[in-house]
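Line by line, the protein sequences are chains A and B.
If you read the first sequence in the numbering used here, its first letter stands for residue 1, the second for the next number, and so on.
If you read the second sequence in the numbering used here, its first letter stands for residue 1, the second for the next number, and so on.
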Amino acid sequence: EDKVVQSPLSLVVHEGDTVTLNCSYEVTNFRSLLWYKQEKKAPTFLFMLTSSGIEKKSGRLSSILDKKELFSILNITATQTGDSAVYLCAGTNFGNEKLTFGTGTRLTIIP
Amino acid sequence: DAGVIQSPRHEVTEMGQEVTLRCKPISGHDYLFWYRQTMMRGLELLIYFNNNVPIDDSGMPEDRFSAKMPNASFSTLKIQPSEPRDSAVYFCASSFSSWANTEAFFGQGTRLTVV
């Protein structure tokens, strides 16, 4: 059975700090790793990673995938209160479009 | 496009009652997913469809749960009879299959409370 594990489960930091969120996966016929941000409602898409070592970047957020060690990290620099959310990662496999989600990391930014 | 549309947004029902959740996927998307989210278990895939055909329903917890997709623009998730442990947020998501893109778009969810 496919499995995605995220750490830490929760994280509280001060505004301006840099955070690193971790995601490890065991996905059969691995295809891609996706990061989502969930505030109060629906998860919203952040990144999709398919190749090892290639950083994806969007503003203060960046992510990278290591397909040898089966993990991904999501970095957020100069955090702001608006970054407070649950961050979810999900793995997909070839042959279907199913996403297997981790339980998420709850990030809280203190002003 | 308005995105994935779910209804109702909130549902409170008594134990034993039938509950029907509805979803309209993004036009042109050929995959539709039903997820359930709880604090304890996170986001769990219940069932997904490809071109209106159920592909994998192994996540459906019990026979009390059923899902249908009569056409490309509509799907329902039914719980009959409902139980308090079914209380959760139910998300519908859709995606378009291609060799490169597996991003799924989520609806706003239905918060179900069974009392």
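Virtual Cβ for every residue (Gly too), placed ideally from N, Cα, C.
* Where does the unbroken beta strand (DSSP E) through P70/B begin, and where does it stop? -> First-last of the beta strand (DSSP E) with P70/B: F65 to N71.
* With a cut-off of 9 Å, does the C-beta of L45/B fall near any C-beta of chain A? -> With 9 Å as the cut-off, L45/B counts as an interface residue toward chain A.
* Asked: In terms of residue numbering, what span does the beta strand (DSSP E) encompassing R31/A cover?
  -> In the DSSP assignment, R31/A falls within the unbroken beta strand (DSSP E) covering F30 to Q38.
* Asked: How about E39/A: is its C-beta nearer than 9 Å to some C-beta of chain B?
  -> Chain B, which has no Cβ nearer than 9 Å to the Cβ of E39/A, makes this no.
* Asked: So with Cβ pairs under 9 Å, would you call P43/A a contact of chain B?
  -> Chain B contact via Cβ: present.
* 7 Å Cβ cut-off: residues of chain B touching L21/A -> In chain order: nothing, as chain B lies at least about 15 Å away.
* Same chain, Cβ closer than 6 Å to T20/B, neighbours up to 5 away in sequence not counted -> Same-chain partners within the cutoff: T76 and K78.
* Asked: Does T100/A come within less than 9 Å of chain B when only Cβ atoms are used?
  -> Judged by the 9 Å Cβ criterion, T100/A is in contact with chain B.
* Could you give the distance in angstroms between the alpha-carbon of M40/B and the alpha-carbon of G104/A? -> Approximately 11 Å, taken between the alpha carbons.
* Who pairs with P54/B in a beta bridge, going by DSSP? -> Per DSSP, F49/B.
* **Residue range of the beta strand (DSSP E) that includes V89/B** => Per DSSP, V89/B belongs to the beta strand (DSSP E) from A88 to S95.
* What is the DSSP secondary structure of T81/A, counted as helix, strand or coil? -> Note: T81/A maps to helix in three-state DSSP.
* Asked: Quick one: any contact between the segment 16-36 of chain B and the segment 84-91 of chain B, if contact means 3 or more CB pairs under 8 Å?
  -> In this structure the segment 16-36 of chain B touches the segment 84-91 of chain B; the number of beta carbon pairs closer than 8 Å is three or more.
* Asked: Just curious, the beta strand (DSSP E) that Q6/B is in, first and last residue?
  -> For Q6/B, the uninterrupted beta strand (DSSP E) segment begins and ends at I5 to S7.
* Asked: Listed from N- to C-terminal order along the chain, which residues in the segment 67-84 of chain B have their beta-carbon within a distance smaller than 7 Å of any beta-carbon of chain A?
  -> For chain A, none of the residues of the segment 67-84 of chain B brings a beta carbon within less than 7 Å of one of its beta carbons.
* Asked: Would P94/B pass as a contact of P25/B if the rule is Cβ separation under 9 Å?
  -> What sits at residue 94/B in the sequence shown is Ser, not Pro. Their beta carbons are under 9 Å apart, which means S94/B touches P25/B by this criterion.
* **Cut-off 6 Å between Cβ atoms - residues of its own chain near I110/A, not counting five sequence neighbours on either side** => Annotation for I110/A: H14 place their beta carbon closer than 6 Å to its own, counting only its chain and skipping 5 residues before and after.
* **Counterpart residues of G42/B in DSSP-defined beta bridges** => DSSP lists T38/B as partners of G42/B.
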